[in-house]
Amino acid sequence: MRAALRCVGRIRGHLRWVVSVTGGFLGRMASTGSARRVLVVDDDADWREFLRLSLEDLGYETVEAADGEAALSTLAQERCGVMLLDLNMPGMSGTEVVERLPHDAPRIVFLTSAPAHEVGTALLSGPHYYLPKGASREELSLILQSLDA
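Numbering (our numbering), first residue to last: -15 to 133.
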């Protein structure tokens, strides 16, 4: 498994970076879900609403879950191409959700308020991208565009 930090653009004068992980669990997964459908998993209702509205403005269809159990239940019924997954949720954490994902799970973008260097261990478990909470719609768009590439 290899991890790499790469710049995805400049937002409000600041360079923005994503951590990309290749190989490992998710590197072997075939994402069979709809690339335009995004599952948003976060216990913060306001943040979920911001993401839902931003995603809809960007042309994505959204499905929401407030916790890890709801996310796994949703994935058993819905096909999604991408999952925006909060790392720090009560009950089941984002990394625990990843451990229980089916083989054909969507690509994952971890959401967290922790600095990128603290997210490293979670990223090594397989998820491809990291988006800090409080990121702008433009940053979200850049990451989703890079997933489409």
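The beta-carbon is built from N, C-alpha and C at its ideal position, and this holds for glycine as well.
None of these values were measured; they are calculated from a predicted model.
C-alpha gap between residue i and residue j, whole angstroms
i      : j      : result
ASP81  : LYS117 : Looking at the sequence shown, residue 81 is not Asp but Val. Cα-Cα distance, rounded: 18 angstroms.
LEU124 : LEU115 : 7 angstroms
ASP41  : ARG84  : 31 angstroms
LEU69  : TYR44  : 16 angstroms
VAL25  : ALA55  : 6 angstroms
MET76  : HIS87  : 19 angstroms
GLY59  : GLY78  : Here residue 59 is Leu; the residue named in the question, Gly, does not match the sequence. If you take the alpha carbons of LEU59 and GLY78, they lie about 14 angstroms apart.
PHE34  : SER57  : 23 angstroms
ALA29  : VAL93  : 18 angstroms
ARG121 : GLY65  : 19 angstroms
ALA119 : ASP27  : 17 angstroms
TYR113 : GLN129 : 12 angstroms
GLU53  : ARG20  : 23 angstroms
Sub-7 angstroms separation of residue i and residue j beta-carbons
i      : j     : result
VAL22  : LEU37 : no
ARG32  : GLU48 : yes
ASP51  : MET73 : yes
LEU126 : ARG91 : no
LEU71  : THR46 : no
Cross-strand partners of residue i (DSSP beta bridge)
i      : result
TYR114 : PHE94
Residue range of the unbroken alpha helix (DSSP H) whose run includes residue i
i      : result
ASP130 : The question names Asp, but residue 130 in the sequence shown is Ser. Looking at the DSSP string, the run of the alpha helix (DSSP H) that includes SER130 is 121 to 132.
- Message: List, from N- to C-terminal side, the beta strand (DSSP E) runs of 3 residues or more that fit wholly inside the stretch 9 to 87.
- Response: Within the stretch 9 to 87, the runs of beta strand (DSSP E) at least 3 residues long that lie entirely inside it are, in chain order, 21 to 25, 45 to 49, 66 to 70.
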